[in-house]
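Chemist:
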Amino acid sequence: MWCMWLHLASLTAACRPPVSETRFARLAAAAISTGRPLRLTNRSVQLHAPFRLRSSQRLTIVGGDFHGDGHSLFQVEGSRQGLLDLRGVRLLHASSAERSERRESVAARKRPLHVASAGFKPPRRARGAAIFVRGKGQLALERRATRAGAASLDLLGSRLSGAAPHAICARGETRLAVRRCTIDGSAVRAIYAYHSASLEVSDCSISGTRSAEVGAVEAEAAAAVEVEALRPTDCASLSLSGNAFADNAGGDLAVRGNVAWVVGGVGIVGSGIAHGLLAAGATVIVNSRHEQRLEKISEAMGHPARLVTVGASMLPGRAEITVEQVMDMTSNQLDHVVAHAGGRPWASGGGDETSTTYNRGSVLHIPADEYASAASQLGSFHFAAASLLLPRLTDAGKGSYTFVTSSTSAAWGPRSYMTQALCVARQRTRDGRRASAERESEPRERPLSHTIGSVVAGMAAKGAGGLVQADDMPELLRLEQELR
């Protein structure tokens, strides 16, 4: 009989009707007024609109399953004195066919949020984060479990599994603390904090981040934990203690915020270099006097937020004004420069800064009295860029200046000049073209320009000086692997 009583009690609890939204609001108001916890163990609550805490309200909820398909289940707003404390709560945040905007299970804005032994289910078929903190919000996680993406919710101890694109995302002047959590299988990043976010990660295990079906630049930026200062005025910080990282695509940790300028970055190779630097997490400046080329490169990359296009020239005579303009935009921050210029001054399309100066058909159409000027233009371009940008590098000890050119002699003078002032890494590929028959029979899985971009980004990240040379594709691929 005693066993039967337990069974009937459990059955009775499971069959209790759900708490209506109106009823929950009254119960929560009473708990806030008295300061006592609201106990909802074995109860279910349906929320059609976010439940908001105002002013200095504090609410502790113990137990209960919360269902909803709105923007959020809970929103914590107002002064920093307020607090939402969830203990042993399951948040079942389902998707809605009528709404497609991003949703969050819990949105914390300017107020602390404490979650203990809680479980989250983010919306299906909706792209977002399991937990999203913005503004001056604060978040503390303890013994929390999340099953993200399209999977169902299971309490798995302290585990965030399968989130897309990030398990946790924080922006603005946010303080985020993640303790004793296991995060695995996240798409792109397990934890992503940007702008002026402050992130503390301790005693966590983070593994298995992967590149999801997202934009190419974002997919290549996969990392376990990333803190990124996107703007010159941002000041992001990161504290790590007692964490374990394993099998994370793109690397375990990325602290980004560098500004890189690709001079001559609108051509085929130049755009590949810009792509590589964006994938490495840098804010990339690309200039050109041809506005349509700037629009083309931005569109081809999906208009990434960290790509800054400047309609101005770096050719001698105009470079000084352009440098002043760009440095004003970046608040005088410049960490890396990649000076690229091709060897086709007569090319008619898709070229770089020097490509169309002598656009008169073939090289034989250049008048003899102008040939000397045309032949020396590439060297003048590199010298003008180096003489103006080298003194502007924010930190010469960690910064880099990279030449990418198909002509050894074109960069010889500037390279000799810079060797006296700064350790220089230079990438040169003697044969960047392949016969048409070879291109058709053995197409590349990845564009050569992207490989060069990856190499350049690797050299900038390592910050080591010296001369780097690759004479064929095997050497270039080997160099790419060494610089990863």
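Numbering (mature numbering (1 follows the signal peptide of the UniProt record, and there is no 0)), first residue to last: -21 to -1, 1 to 463.
In this text, a Cβ means the ideal position worked out from N, Cα and C, and glycines have one as well.
Predicted model only: the values in this text are computed from it and were never measured.
1) If we ignore side chains and look at the alpha-carbon of each, how far apart do S277 and V157 end up?
2) Taking C-beta to C-beta, are I170 and F224 nearer than 7 Å?
3) Grab the span of the beta strand (DSSP E) containing D44 for me, first residue to last.
4) Along the beta strand (DSSP E) that carries V242, what are the first and last residues, could you check?
5) If you measure between the beta carbons of V435 and V305, is that distance less than 7 Å?
6) Measuring CB atoms only, is the segment 8 to 25 touching the segment 41 to 51, in the sense that at least three cross pairs come out at less than 8 Å?
7) I'd like to confirm the pairing. Which residues does DSSP put opposite A166 in its beta bridges?
8) Locate the alpha helix (DSSP H) running through D64, then write down its first and last residues.
9) Leaving out five residues on either side along the sequence, give the residues of the same chain with a beta carbon under 6 Å from the beta carbon of S359.
10) Using only CA atoms, which one of L19, A239 and I11 lies nearest to L372?
11) Quick one: what's N266 bridged to in DSSP?
12) May I ask which residues mark the beginning and end of the alpha helix (DSSP H) holding L455?
13) Under the three-state reduction of DSSP, which class applies to A172: helix, strand or coil?
14) Please check if any C-beta of chain C sits within less than 7 Å of the C-beta of V238.
15) Rounded to whole angstroms, what is the Cα-Cα separation between G236 and H174?
16) I'd like to check one pair, A363 with A298: are the Cβ atoms closer than 7 Å?
17) Within 10 angstroms of its Cβ, does D307 collect 16 or more other Cβ (buried), or is it exposed?
18) Considering only the beta carbon of each residue, do N222 and V180 sit closer than 7 Å?
19) How is Q25 classed by DSSP in three states: helix, strand or coil?
Modeler: Let me spell this out:
1) If I take the Cα positions, the gap works out to 36 Å.
2) At a Cβ-Cβ threshold of 7 Å, I170 and F224 do not count as neighbours.
3) Residues D44 to G47.
4) Per DSSP, the unbroken beta strand (DSSP E) holding V242 starts and ends at V238 to V242.
5) When the beta-carbon positions are compared, V435 and V305 stay at least 7 Å from each other.
6) Between the segment 8 to 25 and the segment 41 to 51, the count of Cβ pairs shorter than 8 Å is three or higher; the stretches touch.
7) A166 pairs with R189.
8) In the DSSP assignment, D64 falls outside any alpha helix (DSSP H) and lies within the beta strand (DSSP E) extending over L62 to R66.
9) The beta carbon of S359 lies closer than 6 Å to those of P295 in the same chain, with the five residues before and after it left out.
10) Out of L19, A239 and I11, A239 has the C-alpha closest to the C-alpha of L372.
11) Bridge partners of N266: V289.
12) From DSSP, the alpha helix (DSSP H) with L455 extends over M452 to E461.
13) Secondary structure of A172 (DSSP, three-state): strand.
14) Of the chains in the structure shown, none is chain C; there is only one protein chain.
15) Roughly 9 Å between the two C-alpha positions.
16) Cβ distance < 7 Å, so A298 and A363 count as in contact.
17) By the 10 Å Cβ count, D307 comes out exposed.
18) Yes, Cβ-Cβ distance for N222 and V180 is below 7 Å.
19) Residue state, collapsed to three classes: strand.
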